[in-house]
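Student: Below is one structure. I have some questions about it.
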Amino acid sequence: MEIYKCVSCNANLFGTNYVAFPCPACGEMIYRCKKCRKIGNLYVCENCGFIGP
């Protein structure tokens with residue numbers, strides 16, 4: 008089982024406490040914890056540098 012990290016706060020992600028979606032610019036999978044998504048922390052795609060809300 009692979010453990011992912013939130014790209015915004017670097018928290019370990021497991022169970023249902025996160026969301027995963029493809030980067031709008033390059034398609035690389037982005038993982039975010041529900042807390043960062045809820046409060047709107049910015050994220051940066053590690054592959055292409057796209058910045059999203």
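Numbering (our numbering), first residue to last: 8 to 60.
Yeah, the Cβ is synthetic: ideal placement off N, Cα and C, and Gly gets one too.
Predicted, not measured: the structure shown is a model, and the values here were computed from it.
1) Can you have a look at I37 and say buried or exposed, based on whether 16 or more other CB atoms are within 10 angstroms of its CB?
2) Restricting to Cα atoms, I'd like to know which of C16, E35, R44 is closest to G56.
3) Considering only DSSP beta bridges, list what R39 is partnered with.
4) Excluding five sequence neighbours on each side, which residues of the same chain lie with their C-beta closer than 7 Å to the C-beta of C52?
5) Do you know how far the Cα of N54 is from the Cα of N24?
Tutor: Let me lay it out:
1) Flag for I37 reads buried.
2) If we check each option's Cα against that of G56, E35 comes out closest.
3) Beta-bridge partners of R39 (DSSP): V26.
4) The residues are C30, A32, C33, E35, I37.
5) Going from the Cα of N24 to the Cα of N54 covers about 23 Å.
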